[in-house]
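Take the sequence shown: its letter number 4 is residue 5 in my numbering, and every next letter is one higher.
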Amino acid sequence: MKVAIASDHGGLHIREEIKKLMDELEIAYEDFGCECNSSVDYPDYALPVAEKVASGEFDRGILVCGTGIGMSIAANKVKGIRCALVHDMFTAQVTREHNDSNILAMGERVIGPGLAREIARIWLGAEFEGGRHANRLKKITDYET
Numbered sequence: 002m003k004v005a006i007a008s009d010h011g012g013l014h015i016r017e018e019i020k021k022l023m024d025e026l027e028i029a030y031e032d033f034g035c036e037c038n039s040s041v042d043y044p045d046y047a048l049p050v051a052e053k054v055a056s057g058e059f060d061r062g063i064l065v066c067g068t069g070i071g072m073s074i075a076a077n078k079v080k081g082i083r084c085a086l087v088h089d090m091f092t093a094q095v096t097r098e099h100n101d102s103n104i105l106a107m108g109e110r111v112i113g114p115g116l117a118r119e120i121a122r123i124w125l126g127a128e129f130e131g132g133r134h135a136n137r138l139k140k141i142t143d144y145e146t
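Pasting the structure below:
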């Protein structure tokens with residue numbers, strides 16, 4: 002698995018925690034920034050990650066901003082992206098199993114680093130169940146095209 006990860010200024014700390022987790026899990030990743038504490042625009046980081054995942058260059062993506070909302074909205078504008086905003090462990094599991102989410106969004110001002118690590122661990126380890134869920138996703142893909 003290869004993961005693209007990015008944050009804006011509001012998600013720097015959790016992004017670093019998730020990178021440590023991926024190092025521990027020996028998951029390959031590329032960090033797309035940002036590298037500053039000053040205000041930046043979240044679409045400048047969400048869209049490149051979403052495009053890399055949609056193109057197949059990366060298997061999954063992780064985005065972090067203050068709430069996760071802006072990142073998820075921006076990422077979901079890219080055709081083929083199913084970005085899920087997650088702030089608990091149950092939805093981290095289900096969004097992979099039922100929705101085959103390919104990008105995880107989280108908010109640093111909403112959850113702490115420990116919970117963020119556990120959410121990412123669950124999300125990275127979960128697999129799509131297919132079956133009845135595949136039919137539902139096909140309807141979304143058909144709509145996109």
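For glycine and all other residues, C-beta sits at the position ideal for the given N, C-alpha and C.
{"Query": "Beta-carbon spacing of Leu86, Ala117 below 8 Å", "Result": "no"}
{"Query": "Where Gly64 sits in the DSSP three-state scheme", "Result": "For the record, residue 64 in the displayed sequence is Leu; it is not Gly. Leu64: strand per DSSP, three-state reduction."}
{"Query": "Inter-residue spacing [alpha-carbon to alpha-carbon] between Tyr46 and Asn136", "Result": "31 Å"}
{"Query": "Alpha-carbon to alpha-carbon, Gly11 and Glu18", "Result": "14 Å"}
{"Query": "Three or more C-beta pairs below 8 Å linking the segment 127 to 142 and the segment 108 to 115", "Result": "no"}
{"Query": "Opposing strand residues paired with Gly108 [DSSP bridges]", "Result": "Cys66"}
{"Query": "Same chain, Cβ closer than 7 Å to Met90, five either side skipped, listed in chain order", "Result": "Glu119, Ile120, Ile123"}
{"Query": "Opening and closing residue of the alpha helix (DSSP H) in which Leu116 lies", "Result": "114 to 126"}
{"Query": "Extent of the continuous alpha helix (DSSP H) to which Ile141 belongs", "Result": "133 to 145"}
{"Query": "Assumed close pair Ala5, Val54 - CB separation to whole angstroms, cut-off 8 Å", "Result": "6 Å"}
{"Query": "Reduced DSSP secondary structure (H/G/I, E/B, other) of Ser8", "Result": "strand"}
{"Query": "Contact set for Ser102: own chain, Cβ-Cβ below 6 Å, skip 5 residues either direction", "Result": "Arg83, Ala85, Thr96"}
{"Query": "Best match in Asp60, Gly81, Ser56, Leu13 for proximity to Val41 [C-alpha to C-alpha]", "Result": "Leu13"}
{"Query": "Reduced DSSP secondary structure (H/G/I, E/B, other) of Tyr46", "Result": "helix"}
{"Query": "Distance, Lys139 Cα to Ile112 Cα", "Result": "32 Å"}
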